[in-house]
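Beneath this line is the structure, given in structure tokens, with notes to follow.
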Amino acid sequence: MPEERSMGRKLAQAHADMGKILFHTAIRLTLAGVIVLAGIRGNPPGRPVNFLAGSLAAFIALFALMWVFFPLIHLGDCLEFYETGIIIGKRPWRLDKLGKISFMDVKSNYSLFRKTYMCTEVRQFNITYIKDAKKNFNRAYFDGI
Numbered sequence: 447m448p449e450e451r452s453m454g455r456k457l458a459q460a461h462a463d464m465g466k467i468l469f470h471t472a473i474r475l476t477l478a479g480v481i482v483l484a485g486i487r488g489n490p491p492g493r494p495v496n497f498l499a500g501s502l503a504a505f506i507a508l509f510a511l512m513w514v515f516f517p518l519i520h521l522g523d524c525l526e527f528y529e530t531g532i533i534i535g536k537r538p539w540r541l542d543k544l545g546k547i548s549f550m551d552v553k554s555n556y557s558l559f560r561k562t563y564m565c566t567e568v569r570q571f572n573i574t575y576i577k578d579a580k581k582n583f584n585r586a587y588f589d590g591i
């Protein structure tokens, strides 16, 4: 990739945190399983009353599956730190365009887990599922941890 050559040599890289991704998926799967078991405990599932009810049940089940396995899309996340830029995912960003870089942890009332963002002047990058992103950033650009 020509952008990589123009950004200088690679200083550090951070890959997806497989443990965190699998843990979040397992927690979501367990929560969904408890909800399903609580819903069918007293009344076993039968045939839907009509087509609309069956379609609604199928839509809810599909949405629940998407919610449960959503963290798996982050298996390919990666940060690569170069002398004059960063590759986030597959897109190169020059350090001068990103401006000041800081990291922010956000705890929401609607989530069990906290999210981590790399904040720049351009945009906020969600780096929740990247292992040791801040540590590798500091190692690459500040020679410290």
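Residue numbering for the sequence shown follows the numbering used here, beginning at 447 and increasing consecutively. No residue lacks a Cβ here, since even glycine has one placed at the ideal position from N, Cα and C. Since we're looking at a predicted model, the values are computed, not measured.
Where residue i falls, given that 16 or more other Cβ within 10 Å makes a residue buried
i	result
V514	buried
M447	Low local confidence applies: a pLDDT of 48 at M447 is under 50, so the model's placement there is unreliable, with the coordinate-based value given in what follows. The residue is exposed, with fewer than 16 neighbouring Cβ atoms inside 10 Å.
D463	buried
A460	buried
I467	buried
I591	Unreliable positioning characterises I591 in this predicted model, as indicated by a pLDDT of 49, which lies under 50. The coordinate reading is nonetheless provided below. I591 is exposed by the Cβ-count criterion.
N555	exposed
M550	exposed
Nearest-angstrom Cα separation, counted from residue j out to residue i
i	j	result
R569	N584	20 angstroms
K580	K561	13 angstroms
A623	K553	Since the first residue of the chain shown is 447 and the last is 591, residue 623 is not available in this structure.
F497	G479	25 angstroms
A472	R540	37 angstroms
T476	R455	44 angstroms
From the options, residue whose alpha carbon lies closest to that of residue i
i	options	result
T574	C524, R487, L502 and A503	C524
F571	G535, K553, S554 and L558	G535
I547	I532, T566 and K577	T566
K543	F549, I532 and G500	I532
A586	L475, L511 and E526	E526
Y563	K577, A503 and R537	K577
F559	T476, R455, F469 and K456	F469
L511	S557, G545, N582 and V482	V482
Residue i - partner residues in DSSP beta bridges
i	result
I533	E526 and P538
D551	T562
N572	Y563
A623	What the structure shows of the chain is the stretch from 447 to 591, and residue 623 is not part of that stretch, so it cannot be assessed.
A458	F527
Under the three-state DSSP convention, the category residue i falls into
i	result
K577	coil
K466	helix
G485	helix
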